[in-house]
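Written below as C-alpha cells is the structure these notes are about.
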Amino acid sequence: MNPLAVTGRATIAVSRTVGGIAFFALDGMIRGLRGPWYPRQILRQMIEIGYYSLPVVGLTAIFTGMVLALQSYTGFARFEAPDAIPTIVVLSMTRELGPVLAGLMVAGRVGAAMAAELGTMRVTEQIDALLTLATDPLRYLVFPRLIAGMLMLPLLVLVADVIGVMGGFLVSVYKLGFGPIEYINRTFDFLEAQDVISGLVKAAVFGFIVALMGCYQGYHSRGGAQGVGAATTRAVVSASILILTADYMLTEIFFSR
Amino acid sequence: MNRPPVKIRIRGLRKSFGDNRVLRGLDLDVPAGRSVVVIGGSGTGKSVLLKCILGLLPADAGSITVDGEEVVGASNATLDRIRRKFGMLFQGAALFDSLPVWENVAFGLLARRQLDRAEARERALEILARVGLGAEVLDLFPAELSGGMQKRVALARAIATEPEILFFDEPTTGLDPIMADVINELVRRSVEKLGATAVSITHDMASVRKIADRVAMLYEGVIIWEGALAEIDRSGNPYVDQFIHGRAEGPIRVLQMAPADRAVRGEPSRHGP
Ligand SMILES: Nc1ncnc2c1ncn2[C@@H]1O[C@H](COP(=O)(O)OP(=O)(O)OP(=O)(O)O)[C@@H](O)[C@H]1O
Ligand SMILES: [Mg+2]
C-alpha cells in the first residue's frame, strides 16, 4: 500500500463526486429554467416540503426557544444580566438555530423521502420510462424539488423564528418572572433586518442543498431495495454535513465585516 | 414482395457490465412497418438490447441507427428527438406509482401538450378499452392493480401516442391465455393498421407465431439466426430448433458444463471470441 497512491485515489474519488454533484445541480437548474415547466410538480413539492414539514419544524423551534431562554438564564444570572435573554433568544434563532435546525430536520424528513422516491423510480425503471415518454427527468423530477426546497425552507424558517421567540417568551414569562410587554420590547431592541435576512438566505441555501442531495443520491442509486436504502442514508448524511459547512461559510460572509 | 426500408440498423453492438459481456458484436436490421420478435434464453441480453437502442443504456461499441440517425454517442437533444418516435413497454411495467392509471396512460399525450387534462382522461379510457380494461381502473394507483393489469396499463401507455416504433418487452407474460391473445391481436393491429414498426421480446412461441413477421434469435451476445416467421420451422439451426421446441437437450447450454464437455459438443464459430 503506497500512501501516496491511496491519498491520490481518495482525492480523485472525492473530486469526481463533488464535480458530479455540481454538474448535476447546474444541469438541473439550467434545463429546468429553460422549460418546459411542470407547475403541478412544483406545487406538489412545495406542499410536501413546506406544509408537511410545519409540525416537525414548529416543535423543534418551540423547544429550542424554550431551552435557549432557560440556558441563558442559568448562565447569565451569574453575571446579573438576565435582561439579555430576549435578545439572545431572538438573535440565536434568526441568525443561526432557525435555519440550521430547520435545515437538518427537513434533511431528515424531505431529503430522505426524495432519495427514496427517486431511488425507487430509478431501480424500477420509471426514470427510463419518463425518457421514453418525451419527458426529461431533470425537468420533471429534479428541478421542481430544487425550486421547492429553495423557496419553502425560508418560509419554514420564518415560522420557526416566530415560534422560537414564542418559546423563549413562554419560559421567560411563566417561569422566570419576566413581564410580557418587557420581554417583547426587548426582543426587538437589538434585532436588525440583517439578522432575519441572513437567516432566510441561509435557509434558501440549505433548502437547495437538501433537495440537491436527495435528488442526486436517489437519481444515481443502483441495485434494489438495498441500494435505495443506502442512497437515502447518503442523502441525509451528506446534506447535514453540507448544511453545517455552508452555515459556517455563510456566517463568515455575512458577519465578518 | 418489395423490401421495406430499414428502420433500425444495428452493427457490431457491444455492451458489457463489468466482466459480464452481454452483447458481443450484435448485428440486426429491423425493416420499417414490420414486426420483429427477438427470442432467446433468459438473461441473454434481450432487454439490454432494447435499452441500448433507446439510448437508455450507453453502448460500449458499435452503431445503432434509427431512420439513419446514429444513437450511439448521440447528444441528449438528439436522443430526445429520436425517442419521441418510440413507445416502450418495459418488462417490469415501470408504471409511475405516484400517478393514477389514467395519468399513466395519458402521460405521453400530456407531455406533448396535445390535449388538456379532461380530453386526456377520455383518451386514456379509449386506450384502456383496447387492452381490456374499463373505467373502474382509471383512478386507481398502480399498486392497487394485479401484475397482469399493470402490464396492460403499461402497454396502453406505450401505444397511447401511436408512435412509429413500438418496443414490447414480454407483453404477454403474466396474462391468462385469452388476454394474451387479445394483446397479440393488439400488437398485430398496431403494425398492420397503424403501420408501426414493432420489436417484441417473448418466450411464448404461440405469441411469436401470432405477432412476428420476422424472428431473430439472440444467443451468447449475437443474433445467431434471423429470418421470416415461415422459415422458423425449417431454419436448420439446432439452437433455434431447441428453443422453439423447448427442449432441455441440445446445443444451448442451460446448466453449466465443464469446458471439456463444451469442446466435445463443438461450439459453432459465429458467436464472440
Ligand atoms: N443495469 C444492469 N447492470 C448490470 N448488469 C445488468 C444490467 N442490466 C442487465 N444486466 C445483465 O445483463 C444480462 C442480460 O440481461 P437482460 O435483462 O437483457 O436479460 P433478458 O434477455 O432480457 O432476460 P429475461 O428473458 O429473463 O428478461 C444479465 O446477465 C444481467 O445480469
Ligand atoms: Mg428481459
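Read top to bottom, the protein sequences are chains A and B. Each residue of the first sequence is one higher than the one before, counting from 330 in the numbering used here. Each residue of the second sequence is one higher than the one before, counting from 12 in the numbering used here. Virtual Cβ for every residue (Gly too), placed ideally from N, Cα, C.
DSSP places B:E237 inside the beta strand (DSSP E), whose first and last residues are 233-239. For ligand 2, a non-hydrogen atom lies closer than 7 Å to the CB of B:D180. Proximity of chain A to B:R94 at the Cβ level (cut-off 8 Å) is accounted for by L460, T461, A463, in chain order. Secondary structure note for B:S27: its beta strand (DSSP E) is the uninterrupted segment 17-28. Residue environment: A:V335 is assigned as exposed (fewer than 16 neighbouring CB atoms within 10 Å of its CB, all protein chains considered). For A:G440, the closest alpha carbon among the candidates A:T580, A:A575, A:L571, A:E581 is that of A:L571.
In this chain, the beta strand (DSSP E) harbouring B:D40 covers 31-42.
Counting only runs of 3 or more residues that sit fully inside the segment 202-261 of chain B, the beta strand (DSSP E) segments are 208-212, 225-230, 233-239, in chain order.
When secondary structure is reduced to three states using DSSP, A:V494 falls in the helix class. Separation of the CB atoms of B:L65 and B:F97 is rounded to 6 Å, and the pair is thereby assigned contact status at 8 Å. B:K162 has its Cβ no nearer than 7 Å to any heavy atom of ligand 2. With a threshold of 16 other beta carbon atoms within 10 Å, B:E260 falls short and is exposed.
Using a Cβ-Cβ distance cut-off of 8 Å, the segment 189-200 of chain B and the segment 230-247 of chain B are not in contact, since fewer than three pairs of beta carbons, one from each stretch, lie closer than that value. Of the candidates B:L166, B:D252, B:D244, B:F118, the residue whose Cα lies closest to the Cα of A:Y367 is B:F118.
Exposed is the label assigned to B:E81, since fewer than 16 other Cβ atoms lie within 10 Å of its Cβ. The C-beta distance from B:D180 to B:Q125 rounds to 26 Å, too long to fall under 8 Å, and the pair is not in contact. Contact annotation: A:A540 and A:M443 have beta-carbon atoms nearer than 8 Å.
Rounded to the nearest whole angstrom, the C-alpha separation of A:M358 and A:L573 is 23 Å. Remark: the C-beta of B:I212 is in contact range of ligand 2, defined as less than 7 Å to any heavy atom.
With a cut-off of 7 Å, the C-beta of B:Q102 is classified as near ligand 1, since at least one heavy atom of the ligand falls inside that distance. Neighbours of B:A122 across chain A, judged by C-beta separation under 9 Å: P365, L459, L462, A463, T464, Y469.
Neighbours of A:E454 in chain B, taken as residues at a C-beta separation under 7 Å, are given in chain order as F101, G103, A105. In the structure shown, B:S53 falls within a coil segment according to DSSP collapsed to helix, strand and coil. For A:A568, the CB contacts under 6 Å within the same chain, skipping 5 residues up- and downstream, are A436, G440, I538, V539, M542 in chain order. Shortest gap from the CB of A:K531 to any heavy atom of ligand 1: 7 Å or more. Short of 6 Å from the beta carbon of A:A532, and not among the five residues preceding or following it, lie these beta carbons of its own chain, in chain order: P428, L482, P483, V486. Not a single heavy atom of ligand 2 lies less than 7 Å from the C-beta of B:K62.
For A:A442, the enclosing alpha helix (DSSP H) covers residues 441-452. Between ligand 2 and B:S218, a heavy atom-to-CB distance of less than 7 Å is absent.
For B:G73, the enclosing beta strand (DSSP E) has its first and last residue at 72-77.
Of the heavy atoms belonging to ligand 1, none sits nearer than 7 Å to the Cβ of A:K504.
Among the residues facing chain A, B:F97 is included, as its CB has a counterpart in that chain under 8 Å away. A:M578 sits in a helix when the DSSP states are folded into three classes. Within chain A, the residues D457, L460, T461 have their CB atoms less than 8 Å from the CB of B:L67, given in chain order. From the beta-carbon of B:G119, the residues of chain A found nearer than 7 Å are L462, A463.
With a contact defined as Cβ atoms closer than 8 Å, A:L383 and A:V525 miss out at about 19 Å.
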